[in-house]
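Novice: There's a structure below that I have some questions on.
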Amino acid sequence: MKLTNIKLIATDLDGTILEHGKISNQFDLEMLKKVSEQGVHVAVVTGQGWSSGSVRAKMFDVDKHSNISIFSNGSVISRVSSFEPTYCETIDIELVKEFMQKMFELNIPTLAYTKIPAHAYWNKLDINVKSLKERNWVDKYDIEAVDVETFENYQDVIQFMIFVEEQEEAAMLEWFETTNKSTVLNKMRSNVESTPIYEFINVNASKGNGVLKLAELLNVKLDEILIFGDNMNDISMFEVIPNSVAMGNSVPAIKKIAKYETDTNLNGGVGKFIQKYVLKGE
């Protein structure tokens, strides 16, 4: 098997080419740079916003080659070297108001990220997540407190992030389902931190749709795309891109629908696959 027609490689970050925010191994780095030099577009596809995601993309010289990537789980496509979005899927302003007000009523701390790098609205409830406080995570953002009397005045919101204690989780999910919010918002749950974190984006935005939009911008066909991923927020990519590669450390749901499987991120799975099946002259 040789994938000699690949023109775009789109890769997730943590668990795929990173481990807890750091390069998981040098071999991936070498192979991604090498395939870029052969004219293949390399882009990262991340749930992180541009401010943090672009920093990680630069680790792999994305800014020196294709210079474009997908951020905020597909809500934003932008240059890597500078924030210049070519695509942005925002959330309806009335929905933002309703969501922020309801989370406040349920006593759930909420951030509403905007397309402005590192900027978010906050509903003034303390984000009491030990693992985030230990690394001063909130301090990285320009946080704008909302008026909790009117819940007015929002602009260009692309993503909600809520921090849910057990006692509020059931009430939040019940509200989400009974008001049919799944028709307008995609929901993702993460257990990475000490407190469950949910993220919500426009239902039209996803990593999968982001890759399709990027391919359109680059004039690349579906069978000329290769994707790598490991976790649940990568599933939308695996559902629409034929050449999909699951990491050895992937969750079972990803392995089940992937066309190929490679080694783990710590063992250079991405680099090994690229060297064996994509690089010309190898």
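Throughout the sequence shown, residue numbering follows our numbering, covering 52 to 333 in sequence.
Cβ atoms here follow ideal geometry from the backbone N, Cα and C, with glycine treated the same way.
Distance check for G261 and A221, CA to CA, integer angstroms please.
Specialist: 31 Å
Novice: Just the C-alpha distance for E312 and P303, rounded to the nearest angstrom, thanks.
Specialist: 11 Å
Novice: Assign E140 to one of two classes, buried (16 or more other C-beta atoms within 10 Å of its C-beta) or exposed (fewer than that).
Specialist: buried
Novice: Is it true that the CB of G280 sits closer than 9 Å to the CB of A256?
Specialist: no
Novice: How big is the Cα-Cα spacing for P247 and K331?
Specialist: 44 Å
Novice: Just mark E250 as buried or exposed, buried being the case when its beta carbon has 16 or more other beta carbons within 10 Å.
Specialist: buried
Novice: So for M82, helix, strand or coil by DSSP?
Specialist: M82 carries a helical assignment under DSSP once its states are collapsed to helix, strand and coil.
Novice: For E135, I'd like the list of residues in its chain whose CB is within less than 7 Å of its CB, leaving aside the five on either flank, ordered along the chain.
Specialist: S129
Novice: When you compare the CB positions of K148 and F202, do they come within less than 9 Å of one another, or not?
Specialist: yes
Novice: Rounding to the nearest angstrom, what Cα-Cα distance links T67 and F211 in this structure?
Specialist: Here the C-alpha atom of T67 lies approximately 24 Å from the C-alpha atom of F211.
Novice: I'd like to check one pair, I159 with V215: are the Cβ atoms closer than 9 Å?
Specialist: yes
Novice: What is the DSSP secondary structure of L64, reduced to helix, strand or coil?
Specialist: coil
Novice: Within the same chain, show all residues whose beta-carbon is closer than 7 Å to that of A309, passing over the 5 residues directly before and after it, in chain order.
Specialist: F289, S295, V296 and A297
Novice: Taking just the CA atoms, how far does S120 sit from S133?
Specialist: Their backbone Cα atoms lie some 11 Å apart in a straight line.
Novice: Is S102 close to chain B, meaning its C-beta is less than 9 Å from at least one C-beta of that chain?
Specialist: Absent here is chain B; the protein component of the structure consists of one chain.
Novice: Give the DSSP bridge partners of E70, in chain order.
Specialist: K73
Novice: Compute the distance between the beta-carbons of G320 and I292, then report whether it is under 9 Å.
Specialist: no
Novice: Mind checking whether L183 and Y172 have CB atoms under 9 Å apart?
Specialist: No; because the gap between Cβ atoms is not below 9 Å, this pair is not in contact.
Novice: Could you check if A196 is buried or exposed, using at least 16 other CB atoms within 10 Å of its CB as the buried criterion?
Specialist: exposed
Novice: Is T346 helix, strand or coil by DSSP?
Specialist: Since the first and last residues shown for the chain are 52 and 333, residue 346 lies out of range.
Novice: Using only alpha-carbon positions, find the residue among L176, T230, T137 and N124 that is nearest to L268.
Specialist: T137
Novice: Once DSSP output is grouped into helix, strand and coil, what is the label at I178?
Specialist: coil
Novice: What does the Cβ neighbour count give for W101, buried or exposed, with the cut at 16 atoms within 10 Å?
Specialist: buried
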